[in-house]
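Heads up: the structure comes next, in structure tokens.
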DNA sequence: GGTGAAAGCACCGAGTT
DNA sequence: AACTCGGTGCTTTCACC
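Residue numbers (full-length UniProt numbering), protein chains in the order written: chain A, 1 to 159; chain B, 1 to 159.
In structure tokens:
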């Protein structure tokens, strides 16, 4: 897991692409006063180094009818295998991310659902997994995403 | 927040772009046996409708030296303003997302940090916010992301 | 590691069915 | 709505710095 050396130019390229992956390389080149070929080569290198894993669309799940977010803490039975339960959890598509955690819960996951009723069904699925002792749900009343760019700037300051 | 009508073709387009936003429209057109112009028009419509909010890079934060993830539950003092505290929390760049929640905690957030020491500093920042009574931290030992595509498929089955 | 030019493609709007 | 088509502009490579 060696750290990869990124210079100021790489940061600026990532900065632009993180906001819009379809920004033409020619535009980036103009802004940074380098050639489009250079942008191309640098992006390719960052992809090869695994810094850039991929690109994805940001969709409005509310508009798709999926406005409900909940976090679910999972308590396991003493004898149960965390890995096994984690695999089962990841088979539920409405669970977007799951973490094995220290602290109160054994596993902790985020659920994206249509509404309360739908969420209930998903949580029942979680409860029914073999080895799960019980769950504890926190419903999100308001989500507030922080700008990815802000995190990047902070990271770059220190690299 | 009206639901937008997406047909099968729209789903397939999103399916491809969610994996790689730079997939040429001509490639998508070939796969779906439609013209590239149609792909273009449909993507544009989904952008205008606000279904597609934007596009972003997926970076390997571990490779950037930020392997530490924790979830922090925040308890507020009875008199404190949730909105005010939420704003303060969002000023910390290493907090990637914050939720107002029902249940145990008042606010619940995700922290991305370099290591334990760094996380400690961030959590101290949270603790120091006016109106915060105390916090409770859960450290992620293992993160397991679910495929975005899987969620989309499930959503599309029901639209 | 960067450039600039050139060839190959993709984008995207206009006009058509 | 979707198609075709053409102008414009983007990507990507390569010889040269």
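All residues carry an ideal CB built from backbone N, CA and C; glycine is no exception.
To the nearest angstrom, how far is it from the Cα of residue i to the Cα of residue j?
| i | j | result |
| --- | --- | --- |
| residue 61 of chain A | residue 9 of chain B | 18 Å |
| residue 136 of chain A | residue 73 of chain A | 5 Å |
| residue 139 of chain A | residue 75 of chain B | 15 Å |
| residue 53 of chain A | residue 66 of chain B | 15 Å |
| residue 50 of chain B | residue 26 of chain A | 27 Å |
| residue 111 of chain B | residue 148 of chain B | 21 Å |
| residue 13 of chain A | residue 142 of chain B | 30 Å |
| residue 36 of chain B | residue 23 of chain B | 12 Å |
| residue 20 of chain B | residue 56 of chain B | 10 Å |
| residue 133 of chain B | residue 81 of chain B | 12 Å |
| residue 109 of chain A | residue 71 of chain A | 6 Å |
| residue 158 of chain B | residue 102 of chain B | 27 Å |
| residue 156 of chain A | residue 42 of chain B | 37 Å |
| residue 116 of chain B | residue 59 of chain B | 21 Å |
| residue 118 of chain A | residue 5 of chain B | 20 Å |
| residue 44 of chain A | residue 29 of chain B | 25 Å |
| residue 68 of chain B | residue 33 of chain B | 45 Å |
| residue 230 of chain A | residue 31 of chain A | Limits of chain A in this structure are 1 at one end and 159 at the other, which puts residue 230 of chain A out of reach. |
| residue 15 of chain B | residue 15 of chain A | 25 Å |
Just tell me which of the options has its CA closest to the CA of residue i.
| i | options | result |
| --- | --- | --- |
| residue 130 of chain B | B:44, B:18 and B:86 | B:86 |
| residue 89 of chain A | A:79, A:107 and A:78 | A:107 |
| residue 153 of chain A | A:11, A:47, A:117 and A:69 | A:11 |
| residue 78 of chain B | B:105, B:144, B:19 and B:43 | B:105 |
| residue 39 of chain A | A:7, A:58 and A:155 | A:7 |
| residue 100 of chain B | A:33, A:145, A:34 and A:45 | A:145 |
| residue 91 of chain A | B:43, B:118 and B:150 | B:150 |
| residue 64 of chain A | A:127, A:5 and A:113 | A:113 |
| residue 47 of chain A | A:126, A:28 and A:17 | A:17 |
| residue 84 of chain B | B:29, B:126 and B:32 | B:126 |
Is residue i near the ligand FAD, going by C-beta to nearest heavy atom under 7 Å?
| i | result |
| --- | --- |
| residue 10 of chain A | No copy of the ligand FAD occurs in the structure displayed, which carries no ligand at all. |
Residues within the region 95 to 126 of chain A neighbouring chain B, beta-carbon criterion of under 7 Å
The residues in question are 95, 96, 97, 98, 99, 100, 101, 102, 103, 104, 105, 108 and 112.
If you measure beta-carbon to beta-carbon, which residues of the region 55 to 72 of chain B are closer than 9 Å to chain A?
55, 56, 57, 58, 59, 60, 61, 62, 63, 64, 65, 66, 67, 69, 70 and 71
In chain order, which alpha helix (DSSP H) runs of at least 4 residues are fully inside the region 37 to 93 of chain A?
82 to 90
Using 8 Å as the cut-off, can you tell me whether the region 113 to 128 of chain B makes contact with the region 92 to 102 of chain B, which would need three or more C-beta pairs spanning the two stretches below that distance?
Because the criterion of three Cβ pairs below 8 Å is met, the region 113 to 128 of chain B and the region 92 to 102 of chain B touch.
Output, in sequence order along the chain, the residues in the region 17 to 35 of chain A whose CB is closer than 8 Å to any CB in chain B.
17, 18, 19, 20, 21 and 22
Ranges of the alpha helix (DSSP H) found wholly within the region 110 to 145 of chain B, counting only runs of at least 4
116 to 128
Anything in the region 137 to 152 of chain A with a Cβ closer than 7 Å to a Cβ of chain B? List those residues in chain order, please.
137, 138, 139, 140, 141, 142, 143, 144, 145, 146, 148, 150 and 151
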